[in-house]
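Protein sequences appear in the order of chains A and B. Whatever position you read off the first sequence (first residue = 1), add 13 for the numbering used here. Whatever position you read off the second sequence (first residue = 1), add 80 for the numbering used here.
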Amino acid sequence: MSDQRNAGVIGDRGSIAREKKIWGFGDWFPTKMCGSINFGRMMVISAFLRLGLIAYGEWQDAHMEVRYTDIDYFVFSDAAALVATGKSPFERSTYRYSPLLAFLLIPNLILHQSWGKLLFSSADLLVGLFVDIILKLRSVPETLRLLSVAVWLFNPFTFTIGTRGNCEPIVCAMILWIIICIMNGKVIQAAFWYGLVVHFRIYPIIYALPFVLVLNNQHARPRECILKKGSPRSGVTDPSSRARVVKPSTTSWKQLFCPWDLLRSNITINSFLFGLISGSIFFFCTALFFKLYGWEFLNEGLLYHLTRTDPRHNFSIYFYHIYLHHQHKFSLVEKLISFLPQLMVQLALIFRFAADLPFCLFLQTVAFVAFNKVITAQYFVWFFCLLPLILPWSSMKLKWKGLICISLWMGSQLHWLLWGYILEFKGQNVFIQLWLASLLFLAANTVILLMVIHHHKFSRVFSPSLSAPDSTDTKKLD
Amino acid sequence: MLLNAANFSSSILFWRSKVFLFLLWGIVSLKVDSFVLQNDVKRSHPNIVIELPCSQKYLTGYFYEKHGQILESDFHGLAQEVGSDELSRSLVHSLKDVFGFSELNRHLIGEGSHRSLVTNFKLNIKPNDMSWLNNHYCQVVVIERLPIGVFADPFELQHLVEHQVFLDVAVIGDTNLELPSALSNKSVVEVHMNTTHNVLSRQSEITVELPLHARYPPLDVAGYSKIEFNQPDLLMRCKSQVTQRDFCSWILTGWSDDTHKNGIFWLVPCGNMEHTTLVSSITFISALVSALLIVLSVICRSTNEDMKNS
Chain A
14 MSDQRNAGVI GDRGSIAREK KIWGFGDWFP TKMCGSINFG RMMVISAFLR LGLIAYGEWQ
74 DAHMEVRYTD IDYFVFSDAA ALVATGKSPF ERSTYRYSPL LAFLLIPNLI LHQSWGKLLF
134 SSADLLVGLF VDIILKLRSV PETLRLLSVA VWLFNPFTFT IGTRGNCEPI VCAMILWIII
194 CIMNGKVIQA AFWYGLVVHF RIYPIIYALP FVLVLNNQHA RPRECILKKG SPRSGVTDPS
254 SRARVVKPST TSWKQLFCPW DLLRSNITIN SFLFGLISGS IFFFCTALFF KLYGWEFLNE
314 GLLYHLTRTD PRHNFSIYFY HIYLHHQHKF SLVEKLISFL PQLMVQLALI FRFAADLPFC
374 LFLQTVAFVA FNKVITAQYF VWFFCLLPLI LPWSSMKLKW KGLICISLWM GSQLHWLLWG
434 YILEFKGQNV FIQLWLASLL FLAANTVILL MVIHHHKFSR VFSPSLSAPD STDTKKLD
Chain B
81 MLLNAANFSS SILFWRSKVF LFLLWGIVSL KVDSFVLQND VKRSHPNIVI ELPCSQKYLT
141 GYFYEKHGQI LESDFHGLAQ EVGSDELSRS LVHSLKDVFG FSELNRHLIG EGSHRSLVTN
201 FKLNIKPNDM SWLNNHYCQV VVIERLPIGV FADPFELQHL VEHQVFLDVA VIGDTNLELP
261 SALSNKSVVE VHMNTTHNVL SRQSEITVEL PLHARYPPLD VAGYSKIEFN QPDLLMRCKS
321 QVTQRDFCSW ILTGWSDDTH KNGIFWLVPC GNMEHTTLVS SITFISALVS ALLIVLSVIC
381 RSTNEDMKNS
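Structure, rendered in structure tokens:
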């Protein structure tokens, strides 16, 4: 495989220089990595780091005023205690998750109270493993792969979130596993996990359409999928293949403007199976827990997330608008208007980028979080786990565009946090300034989205097979 | 016994401008101005003792269970409701004026939306009755009626109990941490503290530091919403260590005087309704502009790729 990968490079001297210019992520660090760093060692170091943090967290909880552990972790533990005695986990106020989580945390009471944190940190490490698997499937060279995995494993936001007892790493692991299953053609397994993850957390529902489109556009049965070796060292830069690459844009735009074609072409056996199985799993879980816990489950675990309008300050631009209106109900027009930008962006991203699945999911998640009515810091993990999957295809160099993006995002966040601190801990009326800071955060997110889109080398996950009716490509890009 | 206490209190209260009813559960109210227990002449705060089974840990909880609402100052009414028997009546008589509270000081510490309400007072124990004290185990009970604009986090208070800052705590009423004031209800906090009983001093100083959080207040043009605190109710809860009776006496020796507000204010920043139109329109416009920018960039990129590949 490595010979094949390098074949295109060695034969075409001219393209090596061009390739180096096109993708910039590899330029972030010297390509001569020390031989001692490999994936296994990175995982071991990450594991020790997380174990150390969990132990430190226990110490800080016991000895200091401010706790290391997230307040949500205590909510989960209390709910697990309730469930262990046969009661409903929703008796614990502010428990707004699936009862599955409470069941998962029952060993908190039997084994040790840090069982949940260990579970979440293991999911965290699993995400690193899955990132590696996905990048291997897409034939990314080892150095790039290790760097991408390191972006997840050694991201301070990431390792604190699992060790503090937040359950998001589990969701991230499930989503990455679904991507792996789809790439390997295991549609049924992907559908099962997808139904489960939507039950667990509602937001992955935004991935439904891209999954269906990807499953459909491969036009092949499971196990016959041809994985496009969309590595940065081949593809568009190879002049011989350029003419034969299917223009993804025209196909997508045809589909966008001809809804009947879209519907017709989308109902293939794969997408049908996917929809059916994931829908059934979701409804089964909902029905089961409704039977067990009644309306409390539906209200707290499901409907709360759909109708959540929290007037308290958060990163979202809508918070002040919601606070100013909290004493009277929102009109239907207002609700629709706030939904419109979200819908526009999601649809545009899906129809343009669905074929490059991880990229599409990443953009969708960033946009979803940025335009949402409520934004809390834990939502950022949702796209952090997808970031390593797109980095190898980004031509953005660390100097200076990469750094600009990072500092823009973090800077606007810190700016917001500053005003939030003044409001909450100093008690000054800075609502307008805080609201402007949230607008700035949205602007920063938009700029970053635009830059990432601009610098990404679009590469489909699957190349259309020979049997595709409207495909013009006949080359297996190996 | 309760009837006697009621008659006694009613005769005293008759010539007082304000009548506050005491809760027999041992919530002792403290007057704002200094109170000297030894001054028997003008006793204006009769003791009321309520006997309840010791299984009833919280007076406010008991009231809430029976009536479904927050306990107000109607202790007298509650006393009558609980009823009395011979033993109780004699007990009340013996417990008359055993305890007193003085030098109540209250202030808020901290800044912003999370502050602590500190209540300082002195517990005075009448010397004649030290023997009684030896036979009983007593705790101080402070009942804090919180205005709508603030709330106490039950889990945080539980944490304090685990760290033995308080002996016990109960929060009754609206404990929703997330809703703004306009959609919230009142709540009451009952805190049990240990006295320095073993030392048996005539006067011991008690400090209760209650962490509170401000809710999002209703909108106001002024930009700040003022939250005022009432006086707490202070009682003693005593259990006899000599007799076999499983009854705890709740002793009220003073009353909460609403006229003597010691002026604790908490200013919470609030939204200004005059901003509404501007904020809403700019919010929606920004969201729309950002969305359009992204959609346009997606379209442009497709067009560019079309041109590149054609």
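The beta carbon of each residue, even a glycine, is placed where N, CA and C say it ideally should be. Keep in mind the model is a prediction, meaning the values are calculated, not measured.
At least one C-beta of chain A is nearer than 8 Å to the C-beta of B/MET353. B/THR363 belongs to the set of residues whose beta carbon lies under 8 Å from a beta carbon in chain A. With respect to the C-alpha of A/ARG54, the residue from A/GLY141, A/LEU132 and A/HIS76 having the closest C-alpha is A/GLY141. Comparing C-alpha distances from B/LEU237 to each of B/SER264, B/VAL269, B/ALA302 and B/ASP300 shows the shortest one belongs to B/VAL269.
B/LEU132 sits in a strand when the DSSP states are folded into three classes. Cα atoms of A/LEU370 and A/VAL227: separation of roughly 7 Å, rounded to the nearest angstrom. Per the C-alpha coordinates, the member of A/CYS398, A/ASN442, A/ALA204 and A/THR389 positioned closest to A/SER161 is A/CYS398. A/ASN121 is classed as buried because its beta carbon has at least 16 other beta carbons within 10 Å across all chains shown. Among the residues of chain A, those whose CB is under 8 Å from the CB of B/TYR296 are PRO324, ARG325, TYR336 and HIS339, following chain order. The Cβ-Cβ distance between A/SER407 and A/HIS468 falls below 8 Å. Here the alpha carbon of B/HIS147 sits roughly 41 Å from the alpha carbon of A/GLY129. Judged by pairs of C-beta atoms under 8 Å, the region 135-152 of chain B touches the region 244-252 of chain B, as three or more such pairs exist.
In its own chain, leaving out the 5 sequence neighbours on each side, no residue places its CB closer than 6 Å to the CB of A/LYS100. In terms of beta-carbon proximity, B/THR356 lines the interface with chain A, with at least one pair separated by less than 8 Å. For B/GLU270, the three-state secondary structure derived from DSSP is strand. In the DSSP assignment, B/CYS218 falls within the beta strand (DSSP E) that extends over 216-226.
Taking 8 Å as the CB threshold, A/ILE445 lines the interface with chain B. Setting aside the 5 residues that flank it on each side, A/PRO112 is surrounded in the same chain by PRO102 and PHE302, each with a C-beta closer than 6 Å to its C-beta; the list follows chain order. At a Cβ-Cβ threshold of 8 Å, B/HIS355 and A/ILE363 do not count as neighbours. About 11 Å separates the beta carbon of B/GLN283 from that of B/LYS206, a gap too long to meet the 8 Å contact definition. In chain order, ILE335, TYR336 and HIS339 place their CB closer than 6 Å to the CB of A/PRO324, counting only its own chain and leaving out the 5 sequence neighbours on each side. Around the Cβ of A/ARG321, a 10 Å sphere holds fewer than 16 other Cβ atoms; the residue is exposed. Proximity of A/GLY440 to chain B, defined by a Cβ-Cβ separation below 8 Å, is satisfied.
When the alpha-carbon of B/LEU347 is set against those of B/ILE130, B/ILE128 and B/ILE189, the nearest one is in B/ILE189. Between the alpha carbons of A/LEU447 and A/TRP429 lies a distance of about 6 Å. When DSSP states are grouped into helix, strand and coil, B/CYS328 belongs to the strand group.
Just so you know, the alpha carbons of A/VAL184 and A/GLY208 end up roughly 12 Å apart. Two segments are said to touch when three or more pairs of C-beta atoms, one from each, lie closer than 8 Å; by this definition the region 374-389 of chain A does not touch the region 136-154 of chain A. Counting other Cβ atoms within 10 Å of its Cβ, A/THR171 reaches 16 or more and is therefore classed as buried.
For A/MET357, the C-beta contacts it makes with chain B under 9 Å involve LEU368, ALA371, LEU372, ILE374 and VAL375, in order along the chain. The bridge partners DSSP lists for B/MET316 are B/VAL220 and B/ILE331.
Following the DSSP letters along the chain, one finds A/PRO120 inside the alpha helix (DSSP H) bounded by residues 120-123. Using a CB distance cut-off of 8 Å, A/TRP448 counts as an interface residue toward chain B. Non-local beta-carbon contacts of A/CYS298 in its own chain, meaning distances under 6 Å to residues more than five positions away in sequence, involve HIS212 in chain order. Looking at A/ALA456, A/VAL96 and A/ILE50, the one whose alpha-carbon comes closest to that of B/LEU373 is A/ALA456.
For B/VAL241, the uninterrupted alpha helix (DSSP H) segment begins and ends at 234-242.
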